[in-house]
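If you read the sequences in order, they're chains A and B.
Every letter in the first sequence is one number past the one before it in our numbering, and letter 289, counting from 1, is 289.
Every letter in the second sequence is one number past the one before it in our numbering, and letter 153, counting from 1, is 614.
Okay, structure first, notes after.
Number of protein chains: 2
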Amino acid sequence: MSDTGSGKRQIHVCSLEMPTISHNNYGLWAHPDNRKHLYHTIEFWRDCAREAEAALLDAIFIADVLGVADAFGGSMDTSIREGIHIPELDPMLLAAVGMGATERLGWGVTVSASYEPPFGLARRMSTMDHLSDGRIGWNIVMSYHHNADENHGIAPGSLPSFERYERGDDFMEVCYKLWESSWDEDAVLADRENGVYTDPRKVRRIDHAGEYYSCSGPHMVDPSPQRTPVLFQAGMSDRGRRFAAKHAEAVFFVARTLDGLKLSVEDLRRNASAFGRSREEVLAMVQLNVITAPTMAEAEDKVAEFQKWTRPEGYLAHEYGMSNFDPMKHPRERLLDEALALDGLTRQDSGTYGHGPEATIGEIIDAAADIRNEPMFVYGDPVTVADQIESWFEEFDLDGYLLRNYVHPGTVRDFGRYVVPELQRRGRYRTDYEGSTLREHFFGPGRKRLADSHPGARHRA
Amino acid sequence: MSDTGSGKRQIHVCSLEMPTISHNNYGLWAHPDNRKHLYHTIEFWRDCAREAEAALLDAIFIADVLGVADAFGGSMDTSIREGIHIPELDPMLLAAVGMGATERLGWGVTVSASYEPPFGLARRMSTMDHLSDGRIGWNIVMSYHHNADENHGIAPGSLPSFERYERGDDFMEVCYKLWESSWDEDAVLADRENGVYTDPRKVRRIDHAGEYYSCSGPHMVDPSPQRTPVLFQAGMSDRGRRFAAKHAEAVFFVARTLDGLKLSVEDLRRNASAFGRSREEVLAMVQLNVITAPTMAEAEDKVAEFQKWTRPEGYLAHEYGMSNFDPMKHPRERLLDEALALDGLTRQDSGTYGHGPEATIGEIIDAAADIRNEPMFVYGDPVTVADQIESWFEEFDLDGYLLRNYVHPGTVRDFGRYVVPELQRRGRYRTDYEGSTLREHFFGPGRKRLADSHPGARHRA
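Here it is, written out as structure tokens:
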């Protein structure tokens, strides 16, 4: 964990992106100032990259999913109509096109470890780390989405979550061996005089034969600046949280409730410690919603403006995605409990918690689609926002945030213009990049490689 | 097939790249003017891209391999020492970083269909086609390399070539359904007024259940400019050549002998016709070696200069890669037949054909490493080179060439400066790009999509 010389712990911030139309803030793609609909162009990703680097963010983090949600309303229709994670492009290719527009900004890309053997993914990561000069990170995902399974020839339900993480552990072993042990640091000689590029005595097979994966090696790629990409994780299940505590260098949370966030971070700290990893070696970061402007009045206007463009369908699909309850099928004035009774549902199996007995359908729709109800939401002038960010940071023992985007490139630009200078004044935020790699952004200059206590490090030659 | 208004058939040219140190021209990476050792940087691929576009090439084509050759000398040592296809980066990521430096140039990337399910690859291709505005092509490879198999957990020898292509056919069916039929052309409405991004009635599952692959869909990506990327193939086995004749829009050949090339092209034309595909719908292209300069004397100097930097090890490993015969273990003056007898080998099982009975080890080493002995090699002033290129083009019923690179960016630059203007004068080469997509470069303006006779086209909605 780096500081800026202020003696205070530094706040790390990544921008949360998804190469789709609607992500988190549903309906806002249609806002006239939002360029999100250009997500399939090179220019869009270059612009995002430049804005994020101008704000001295640690990285752009790109989320992914490999199937379409179809629970809400009993079909994929809402997802498709609202553009919720479909279309969805391949994150790594977007990082590749954006990377060249920046010098220091890191990139965290989500790739599932569930559907292909590790060898190709390990090579893609090493390629990215070379091309970016050490700025790549990998968000390790074990897919569980039933349409994603179907897309890859796996019968839905045939692979329990627990086993996915067992496979994931084996997958990581292969990757660590390829990245950390297959090539010695000084294997590449590039000796033009004698025409020798690599010393063959310093490259070796890995001959991994695990329960799930076999891989001979050698790795096809010589050591890149970071060797192992910075490892991100956001596992939620018990087994997933253990996986994160073992492998991840940065763990992302969504705070559904503040109490829940507190417990989750404490749980991470405890689990990581059980794996022999210190407090400093695992960053805890949480999704953050910021609407800011020079003055409180302008920020309030902006909140109202964004609220105007939201569409409830996406929020409802998100909130009631696991049940078959669709409030939009009912008139607004109908009582929630009456609607549930008509649909043969209870509050519990519909997911409609926290509403009083007098709640109407209209009220619950408005509540779901109210951006002010999002967890970790803060709006206001720079001082107000920075106060809140610092206060959560301390209260929940965080290391940083994953900034959600309302509009592109407005959200990151506003954060960089208004909030960053205020955090810098408080000694909480870098005034320039101090290292060249993503791992150095997270852990300080000189820390290009995995910490010695990381399980990947014991494979070092 | 387009022409330039001259009434003559147009010659198509792609630059053949491989993201490694040594490919085809072994030892030349150490030449002082060669920037090939920067193959792991973004700048290198941007420079290549700009040179290729300045020369109005159809595309940069990036070869790949997923394992290390270890037959020559009985180990991987020569491959590793000489940098022959190791290190080897991921081709698609390089196309992604290079693409943004160009407006019209196409990109052909090699991806194996052997080691992962089709869904992810189909999405990556669609992503690339969107980002590049329709400039992506896929070189479909069925891997057979034994170290590549080992890297992916497949016991070497357990999957015969025939079955790989059976799987390949099934793989392609999934891809065609995702690309051509899962989304209607007008599915994306992007209706800001009503907040509707996609019409759900125009997106569908594919529910493919083949012998080897199952995939439900829907495709995660809306229709890109070409939908199906331009399909390349270079299969050599009987089954591979049938696969190419069925699926490929451009087939690449290496002419080991001119007679062999003639037979191969005739075979392709016959096979494609049996699949109901016309002469115009399948391009035949062959690897070409060009060293050119304004005058013959300068070209001769350049040949001698390049020859000076070659190292025989790579050529021998290439030529004798399937046998255990290593001429470098013998003194130069020893007779070839004596050396073979000492190694317990015959001419046939060593692969040393075409040498007289008096041949010495020194002679066969020099012959292997003589760049003038490469098939389809031509050097000289622009008129001499253009004469030869036109003559082969007609004689072998070709559609174009795959230009090998001696030095970067010198080879493509020289071709563009000296040969292209001469071919243009002859009405054989475009004077500007006429379309925007790779498929239009190959088949003429307006032909953004698969031909109606292509097997992928029958999946159209």
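For each residue, glycine too, the CB sits at the ideal point set by N, CA and C.
None of the values given here were measured: they were computed from a predicted structure.
Residues near Pro755/B in its chain [Cβ-Cβ closer than 8 Å; skip 5 each side]: The residues are Asp842, Pro843, Tyr879.
Between Arg542/B and chain A, is the shortest Cβ-Cβ distance under 7 Å, so that the two count as touching? Interface residue, yes.
Against Glu549/B, what residues of chain A qualify as contacts under a CB-to-CB distance less than 9 Å, listed in chain order? Within 9 Å Cβ-Cβ: Arg123, Met220, Val221.
Hey, could you find the ends of the beta strand (DSSP E) Val602/B is sitting in? For Val602/B, the uninterrupted beta strand (DSSP E) run begins and ends at 597-602, by DSSP.
List the residues of chain B whose Cβ lies closer than 8 Å to the Cβ of Glu116/A, in chain order. Listed along chain B, the residues sitting closer than 8 Å to Glu116/A by beta-carbon distance are Tyr576, Glu577, Pro578, Gly581.
Bridge partners for Asp652/B per DSSP, in chain order? Val657/B, per the DSSP bridge assignment.
Consult DSSP for Ile503/B and reduce its assignment to one of helix, strand or coil. Looking at Ile503/B - three-state DSSP - the assignment turns out to be helix.
According to a CB-to-CB cut-off of less than 7 Å, which residues of the stretch 420-448 of chain A neighbour chain B? Listed by position, the residues of the stretch 420-448 of chain A near chain B (Cβ gap below 7 Å) amount to none.
Taking only beta-carbon positions, decide if Pro200/A is within less than 7 Å of chain B. Using beta-carbon distances, Pro200/A counts as an interface residue toward chain B, with a partner under 7 Å.
With a cut-off of 8 Å, do at least 3 Cβ pairs link the stretch 63-77 of chain A to the stretch 315-332 of chain A? The stretch 63-77 of chain A and the stretch 315-332 of chain A touch, with no fewer than 3 CB-CB distances between them shorter than 8 Å.
Of all the CB atoms in chain B, is at least one closer than 7 Å to the CB of Tyr197/A? It does; some Cβ of chain B falls within 7 Å.
Grouping DSSP H, G and I as helix and E and B as strand, with all else coil, what is Glu281/A? Reduced to three states, the DSSP call for Glu281/A is helix.
Shortest alpha-carbon distance to Asn485/B belongs to which of Met837/B, Glu741/B, Ser734/B, Ala912/B? Just measuring C-alpha positions, the residue of Met837/B, Glu741/B, Ser734/B, Ala912/B sitting nearest Asn485/B is Met837/B.
Taking all protein chains shown into account, do 16 or more other C-beta atoms lie within 10 angstroms of the C-beta of Asn373/A, making it buried, or fewer, making it exposed? Around the beta carbon of Asn373/A, fewer than 16 other beta carbons lie within 10 angstroms, which makes this residue exposed.
In chain order, what residues of the same chain lie with their CB nearer than 8 Å to the CB of Pro686/B, ignoring the 5 residues before and after it? Within the same chain, Cβ atoms closer than 8 Å to the Cβ of Pro686/B are found at Asp590, His591, Asp594, Gly595, Ser897, Thr898, Lys909, the five residues on either side in sequence being excluded.
Identify whether Phe252/A lies in helix, strand or coil by the three-state DSSP scheme. Strand at Phe252/A.
Which of the three DSSP states, helix, strand or coil, is assigned to Thr588/B? Correct three-state label for Thr588/B: helix.
First and last residue of the alpha helix (DSSP H) that includes Glu478/B? Counting along the chain, Glu478/B falls outside any alpha helix (DSSP H), though it belongs to the beta strand (DSSP E) covering 473-478.
Taking Cβ to Cβ, would you say Val251/A is nearer than 7 Å to Phe396/A? It is not a contact, given that the beta carbons lie outside the stated cut-off.
Any 3 or more C-beta pairs closer than 8 Å across the stretch 476-485 of chain B and the stretch 500-511 of chain B: Contact between the stretch 476-485 of chain B and the stretch 500-511 of chain B is present: 3 or more CB-CB pairs across the two stretches fall below 8 Å.
As assigned by DSSP and simplified to three states, the class of Gln694/B: Strand.
Below 8 Å CB to CB, which residues in the same chain sit around Glu794/B once its five sequence neighbours on both sides are set aside? Sequence-distant partners of Glu794/B (beyond 5 residues in either direction) whose C-beta falls short of 8 Å from its own C-beta, in its chain, are Thr821, Ile822, Gly823.
In whole angstroms, give me the CA-to-CA distance for Tyr401/A and Cys14/A. Cα to Cα, the separation comes out at about 6 Å.
Over the uninterrupted alpha helix (DSSP H) stretch that includes Tyr165/A, give me the two end residues. Run containing Tyr165/A: 161-176, per the alpha helix (DSSP H) assignment.
Given this structure, state the Cα-to-Cα distance separating Ile291/A from Arg124/A, to the nearest angstrom. Rounded to the nearest angstrom, the two C-alpha atoms are 36 Å apart.
What is the C-beta distance between Pro218/A and Ser182/A, in whole angstroms, given that I count them as a contact (C-beta under 8 Å)? Going by Cβ atoms, the distance from Pro218/A to Ser182/A rounds to 5 Å, so yes, they are a contact pair.
Identify every residue that forms a DSSP beta bridge with Gln287/A. Paired residue(s): Leu402/A.
Can you tell me whether Thr433/A is helix, strand or coil according to DSSP? Note that residue 433/A is Tyr in the sequence shown, not Thr. In the three-state DSSP reduction, Tyr433/A falls in the coil class, being neither helix nor strand.
Give a yes or no on whether the minimum CB-CB distance between Leu796/B and chain A is below 7 Å. So no, Leu796/B is outside the interface.
Under 8 Å Cβ to Cβ from Thr257/A, same chain only, skipping five residues before and after it: list those, please. Cβ neighbours of Thr257/A beyond the five flanking positions: Pro375.
From what residue to what residue does the alpha helix (DSSP H) around Val303/A run? First-last of the alpha helix (DSSP H) with Val303/A: 296-309.
Exposed unless 16 or more other CB atoms sit within 10 angstroms - verdict on Val282/A: The residue is buried, with at least 16 neighbouring Cβ atoms inside 10 Å.
Count the C-beta pairs between the stretch 632-651 of chain B and the stretch 55-70 of chain A that are closer than 8 Å, then say yes if the count reaches three, no if not. No contact exists between the stretch 632-651 of chain B and the stretch 55-70 of chain A.
Any C-beta of chain A sitting closer than 7 Å to the C-beta of Ala829/B? Ala829/B is outside the set of residues whose beta carbon lies under 7 Å from a beta carbon in chain A.
Quickly, what does DSSP pair Ile523/B with across the bridge? List them, please. Under DSSP, the beta-bridge partners assigned to Ile523/B are Glu478/B, Val570/B.
Please list the partners that His37/A has in chain B, where partner means a Cβ-to-Cβ separation under 7 Å. In chain order: Ala651.
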